[in-house]
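Novice: Provided herewith is a single structure, encoded as structure tokens, for subsequent inquiry.
Right, here's the structure in full:
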């Protein structure tokens, strides 16, 4: 257990559905991240939140909408996704962001399949 | 742009030491060097990190070159459970790296031969 939990662990959705992924960290960290891991591609950073403020949006399409209501919770709202969005979505947290020292702790991921 | 380069894959015999290299020639003076690994069907997990001096912990050792442009993760006695993808991602700092998407790198897939 890394102290970062994600729900659901698996999700199947149609292209017209709206769903949300949830991440919670119990480590007292101030920074949280969403990553996307597609088959045979590098682990790609999507968003970074530091002290509840979004500091990085790595050119992610607007059909992915993050939300960070507090430093312990992070959501990824999904709307009208495409089949190519099928991937493993990973959440991570670290003590801070941008210091060059941050050690990230990852959740187990949500395996998403878009039909 | 900060990048790291690693071999795509390596193999090692069980119970033998493994040396996984990483090149981070553009690292800045204050960025720490981190290593993570990802076991099958799991999220990445932290392995070790350091700044200038070599580091040891219960999982591995980290040897950092004197000029900090490269590092080596050392598994002293590989087991089958060490089969994973090992990453040494570039340190990130705002602002983001222009048009280049930020990634964790492709990592080294380590296969352990029984």
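Protein chains in written order, with my numbering: chain A, 51 to 165; chain Z, 1234 to 1347. Ideal Cβ positions, reconstructed from N, Cα and C, are used throughout, including at glycine.
1) Counting contacts by CB-CB distance shorter than 7 angstroms, is residue 1324(Z) in contact with chain A?
2) Ordered along the chain, which non-local residues of its own chain (more than five positions away) have a Cβ less than 6 angstroms from that of residue 7(A)?
3) Taking the CB atoms as reference points, tell me whether residue 1338(Z) and residue 1319(Z) lie closer together than 7 angstroms.
4) Taking one C-beta from the segment 1293-1304 of chain Z and one from the segment 1251-1265 of chain Z each time, how about it: are there three or more such pairs within less than 8 angstroms?
5) Taking C-beta to C-beta, are residue 125(A) and residue 72(A) nearer than 7 angstroms?
6) In chain A, which residues lie with their C-beta within 9 angstroms of the C-beta of residue 1304(Z)?
7) Between residue 1331(Z) and residue 1308(Z), what straight-line distance do the alpha-carbon atoms span, to the nearest angstrom?
8) Since residue 1344(Z) and residue 1248(Z) are thought to touch, with beta carbons under 8 angstroms apart, how far apart are those beta carbons, to the nearest angstrom?
9) Consider the Cβ of residue 1279(Z): report whether some Cβ of chain A lies at a distance smaller than 7 angstroms.
10) Can the beta-carbon of residue 143(A) be found less than 7 angstroms from the beta-carbon of residue 77(A)?
Specialist: In terms of the structure at hand:
1) yes
2) In the structure as shown, chain A begins at 51 and stops at 165. Residue 7(A) is therefore absent and cannot be evaluated.
3) no
4) yes
5) yes
6) Those do not exist, as residue 1304(Z) stays about 15 angstroms from chain A at its closest Cβ, beyond 9 angstroms.
7) Note that residue 1331(Z) scores 44 on pLDDT, short of 50, meaning its location in the model is unreliable and no value can be drawn from it.
8) Contact flag wrong, Cβ pair sits at about 14 angstroms.
9) yes
10) yes
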